[in-house]
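Colleague:
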Amino acid sequence: MEIRYATNPAATKAFDTEQLRNEYLIEGLFIPGELKLVYSHVDRIITGGVIPTSQAIALEADRKEMGAEFFLARREIGIINVGPRGSVVVDGEEFVMETKDCLYIGLGKREVLFKSEDSANPARFYLNSTPAHKEYPTAKAAISEAEPNHLGSITNSNERTIYKYIHEQGIKSCQLVMGMTLLKPGNMWNTMPCHTHNRRSEVYFYFDMPEDGVVFHLMGEPTETRHVVVRNEQAIISPSWSIHSGVGTSNYTFIWGMAGENQEFADMDPVTMKELR
1 MEIRYATNPA ATKAFDTEQL RNEYLIEGLF IPGELKLVYS HVDRIITGGV
51 IPTSQAIALE ADRKEMGAEF FLARREIGII NVGPRGSVVV DGEEFVMETK
101 DCLYIGLGKR EVLFKSEDSA NPARFYLNST PAHKEYPTAK AAISEAEPNH
151 LGSITNSNER TIYKYIHEQG IKSCQLVMGM TLLKPGNMWN TMPCHTHNRR
201 SEVYFYFDMP EDGVVFHLMG EPTETRHVVV RNEQAIISPS WSIHSGVGTS
251 NYTFIWGMAG ENQEFADMDP VTMKELR
């Protein structure tokens, strides 16, 4: 498990490109036959990816870093399959996961196994995990069951569909909020006009991008913005004080996962366009 420590805005505005990438960008999330985890001290969110091939892969705690007997001893987790069909087995109960389906697993579940239906064309499970204080039931939400929210316009290059999975009116959790945004062809901007939310942090995971495509992800305080070049199947950590927006070389999809004290989706601090620098 890789560890990332929290940073502050005063230090971040002096970072060069390499430092920005080392602190906030998560690369190499998907390795065939392995589970990759990054533990951030920003709201103690864990971000990960797993590709099960010929054998199931277990979600196991790093006892040294987590101080727990099993991964969900004090945590909850949201999982979205961004690859072909697979399944997640939770204490013996199997949940089949099609592409873009979401599964929430609550506090206290001891055994979580990731499986692919076809080892030659394996599933790709992306996950966010946050600390939890109460057990909520395991629940699956297929993308076909999620209520789409259509926003934006082609005029502003941000026509998109938002799918909320884990939130106050959807799958219940302690603090994790998780969903997915799909930009329509010909649209490149996400989360602009932008915002911050001092009560929670966020992680963006970009995917469904061509091999030579990139997103110029904007971060930093509104008056001290920086950019990080993000490629397909990479994630970026956004502290509560930072904006989180981006523009791509083509349309793309991204998963957003939030951690913190407030689960209300609309709780944000808007930033006007004239404030940005």
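Residues 1 to 277 (the UniProt record's numbering) make up the sequence shown, in order. We put the beta carbon where it would ideally sit given N, CA and C, even for glycine.
Residues in the same chain with beta-carbon distance under 8 angstroms from residue 138, minus the five sequence neighbours each way, listed in chain order, please.
Modeller: Cβ within range, chain order: 90, 93, 95, 103, 104, 105, 106 and 109.
Colleague: Since residue 171 and residue 203 should fall inside the 8 angstroms C-beta cutoff, what is the C-beta to C-beta distance between them, to a whole number of angstroms?
Modeller: Not quite, the Cβ-Cβ distance comes to about 18 angstroms (not below 8 angstroms), so this is no contact.
Colleague: Which residues in the same chain as residue 111 place their Cβ atom closer than 6 angstroms to its Cβ, once the five residues preceding and following it in sequence are excluded?
Modeller: If we look at residue 111 and ignore the five residues flanking it on each side, its Cβ neighbours are 91.
Colleague: Tell me residue 4's beta-bridge partners as DSSP assigns them.
Modeller: Residue 4 is bridged to 40.
Colleague: Using a Cβ distance threshold of 8 angstroms, determine whether the segment 121 to 138 contacts the segment 45 to 52, with at least three qualifying pairs required.
Modeller: Touching, per the Cβ criterion.
Colleague: Assuming residue 247 and residue 216 form a contact by the criterion Cβ under 8 angstroms, report the distance between their Cβ atoms to the nearest whole angstrom.
Modeller: Yes, they are in contact, since the Cβ atoms of residue 247 and residue 216 sit about 5 angstroms apart, within 8 angstroms.
Colleague: Cα separation between residue 145 and residue 220?
Modeller: C-alpha separation (whole angstroms): 35 angstroms.
Colleague: To which residues of the same chain is residue 149 closer than 8 angstroms at the C-beta, ignoring the five residues directly before and after it?
Modeller: Once the five neighbours on either side are set aside, the close Cβ partners of residue 149 are 161, 162, 163 and 164.
Colleague: Just curious, the beta strand (DSSP E) that residue 235 is in, first and last residue?
Modeller: Counting along the chain, the beta strand (DSSP E) containing residue 235 begins and ends at 234 to 238.
Colleague: Classify residue 159: buried if its beta carbon has 16 or more other beta carbons within 10 angstroms, exposed otherwise.
Modeller: With 16 or more Cβ atoms within 10 Å of its Cβ, residue 159 is classed as buried.
Colleague: What residue does the alpha helix (DSSP H) around residue 138 start on, and which one ends it?
Modeller: Per DSSP, residue 138 belongs to no alpha helix (DSSP H) and is neither H nor E.
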